[in-house]
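Student: Encoded as structure tokens, here's the structure I'll be asking about.
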Amino acid sequence: MTIPLFSLEGKVAIITGASRGIGRAIALGYASAGAQLVIASRSIPDLDKAAHEVSKLGHGPLIVPTDITKKEEVENLIRKTVEQFGRIDIMVNDPGMTINKPVLDTNEAEWDTIMNTNLRSFYLLCRACAPVMREKKSGSIINMASPAGYRLVPRMPVYSISKAGVIMLTKALAYELGPHQVRVNAIAPGLADTDFSRMPENNEAYQAKRAQQIPMRRIAQPGDMVGAALYLGSDASQYVNGTVLVVDGGDTM
Ligand SMILES: NC(=O)c1ccc[n+]([C@@H]2O[C@H](COP(=O)([O-])OP(=O)(O)OC[C@H]3O[C@@H](n4cnc5c(N)ncnc54)[C@H](OP(=O)(O)O)[C@@H]3O)[C@@H](O)[C@H]2O)c1
Numbered sequence: 000m001t002i003p004l005f006s007l008e009g010k011v012a013i014i015t016g017a018s019r020g021i022g023r024a025i026a027l028g029y030a031s032a033g034a035q036l037v038i039a040s041r042s043i044p045d046l047d048k049a050a051h052e053v054s055k056l057g058h059g060p061l062i063v064p065t066d067i068t069k070k071e072e073v074e075n076l077i078r079k080t081v082e083q084f085g086r087i088d089i090m091v092n093d094p095g096m097t098i099n100k101p102v103l104d105t106n107e108a109e110w111d112t113i114m115n116t117n118l119r120s121f122y123l124l125c126r127a128c129a130p131v132m133r134e135k136k137s138g139s140i141i142n143m144a145s146p147a148g149y150r151l152v153p154r155m156p157v158y159s160i161s162k163a164g165v166i167m168l169t170k171a172l173a174y175e176l177g178p179h180q181v182r183v184n185a186i187a188p189g190l191a192d193t194d195f196s197r198m199p200e201n202n203e204a205y206q207a208k209r210a211q212q213i214p215m216r217r218i219a220q221p222g223d224m225v226g227a228a229l230y231l232g233s234d235a236s237q238y239v240n241g242t243v244l245v246v247d248g249g250d251t252m
């Protein structure tokens with residue numbers, strides 16, 4: 000049972016990056032809390048698998064395959080959602096990627112790929128969704144940031160720069176949309192056990208070493224982000240705007 004303030008019953012939520020990792024965990028959490036989901040990412044088989052799991056917990060989701068770096072596909076995602084449900088109460092902007100190189104060794108194509116996936120896409124998603132939420136005078140946008148947006152991670156500086164951008168995008172939009180009762184917040188997950196973090200440099204030895212540096216002595220599981228996403232998406236956070244909720248076991252002090 001979900002207590003009323005945290006219930007998502009009657010709310011329509013778009014979750015991008017819902018097929019794997021943190022986005023998938025949030026989709027399952029939101030389905031359990033009663034939300035009607037619209038799930039998006041690029042791989043249709045992965046989306047179908049996630050939709051099957053979501054359907055076991057709650058309403059059957061609308062699947063809209065979307066590459067969030069493409070403006071037309073982002074606009075299609077918003078259009079399809081409004082056509083089907085007439086509203087968007089929550090939008091979770093999740094996908095992200097990294098490249099592990101010094102800034103000065105990064106070429107323009109690599110820079111553009113990271114910025115397009117991590118930052119420009121969130122701008123496109125927020126811009127497309129904002130008029131729908133503004134018209135209803137209600138809505139919650141949640142952007143997936145990272146502690147790397149506050150504190151330079153020297154081996155992934157371009158990622159850090161993009162996530163610093165996500166944090167400032169969140170604050171700027173919280174300022175612009177606040178008067179319309181639309182809230183914009185971010186979650187900054189600590190190192191979590193997902194495909195994203197299973198890059199060769201993050202082998203088991205590295206993850207074990209990192210776990211020992213975290214006050215809670217473990218890295219995160221994707222499900223550790225669900226409570227924060229539920230809080231920020233639900234009426235429990237109805238006066239929370241422009242904040243970044245760090246969920247990292249106390250790693251960023
Ligand atoms: N895992 C960590 O340690 C960690 C730590 C801090 C912050 N974060 C942030 O948390 C977010 C989620 O990370 P994760 O670890 O859950 O990643 P993940 O396991 O790699 O999952 C990424 C999800 O995003 C989708 N996606 C990727 N590129 C996309 C695109 N261009 N258009 C649409 N969907 C796309 C993927 O599906 P398709 O490939 O099929 O599109 C997948 O569903 C990211 O923003 C990441 O930066 C992660």
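Just so you know, we're using numbering that gives the first Met the number 0 here: the sequence shown kicks off at 0 and counts up by one.
Where is the CB? At the ideal position from N, CA and C, for every residue including glycine.
(1) Are there any heavy atoms of ligand 1 lying less than 7 Å away from the beta-carbon of Leu190, as far as the coordinates show?
(2) Quick one: Cα of Gly177 to Cα of Ala24, how far?
(3) Write down the C-beta distance between Leu7 and Ala34 rounded to the nearest angstrom, noting that I regard them as a contact closer than 8 Å.
(4) Using 8 Å as the threshold, is the C-beta distance between Ala171 and Val243 below it?
(5) Can the beta-carbon of Ser28 be found closer than 8 Å to that of Ala207?
(6) So is the beta-carbon of Gly16 under 7 Å away from any non-hydrogen atom of ligand 1?
(7) On the three-state DSSP scale, how would you describe Gly226?
(8) Please classify Gln35: does DSSP put it in a helix, a strand, or coil?
(9) Measuring from the CB of Phe195, is there a heavy atom of ligand 1 at a distance below 7 Å?
(10) Which residues does DSSP pair with Gly138 in a beta bridge?
Tutor: According to the structure data:
(1) For this step, residue 190 is matched to residue 191 along the sequence shown. The answer is yes for Leu190.
(2) Looking up residue 177 in the sequence shown gives position 178. Looking up residue 24 in the sequence shown gives position 25. Their backbone Cα atoms lie some 28 Å apart in a straight line.
(3) As a first step, residue 7 is located in the sequence shown; it is residue number 8 there, counting from the start. As a first step, residue 34 is located in the sequence shown; it is residue number 35 there, counting from the start. So it is a contact: roughly 4 Å between Cβ atoms.
(4) Within the sequence shown, numbered from 1, the residue matching residue 171 stands at position 172. Within the sequence shown, numbered from 1, the residue matching residue 243 stands at position 244. No, the Cβ-Cβ distance between Ala171 and Val243 is not below 8 Å.
(5) Within the sequence shown, numbered from 1, the residue matching residue 28 stands at position 29. Within the sequence shown, numbered from 1, the residue matching residue 207 stands at position 208. According to the sequence shown, residue 28 is Gly rather than Ser. Contact flag unset, no.
(6) One-based indexing of the sequence shown puts residue 16 at position 17. Because some heavy atom of ligand 1 lies under 7 Å away, the Cβ of Gly16 counts as near it: yes.
(7) For the purposes of this step, residue 226 is taken as the residue at position 227 of the sequence shown. The answer is helix: DSSP assigns Gly226 an H, G or I state.
(8) By 1-based counting over the sequence shown, the position of residue 35 is 36. Note: Gln35 maps to strand in three-state DSSP.
(9) As a working note, residue 195 is residue 196 in the sequence shown. Yes, since a heavy atom of ligand 1 falls inside the 7 Å radius drawn around the Cβ of Phe195.
(10) Numbered from 1 along the sequence shown, position 139 holds the residue referred to as residue 138. Per DSSP, Val181.
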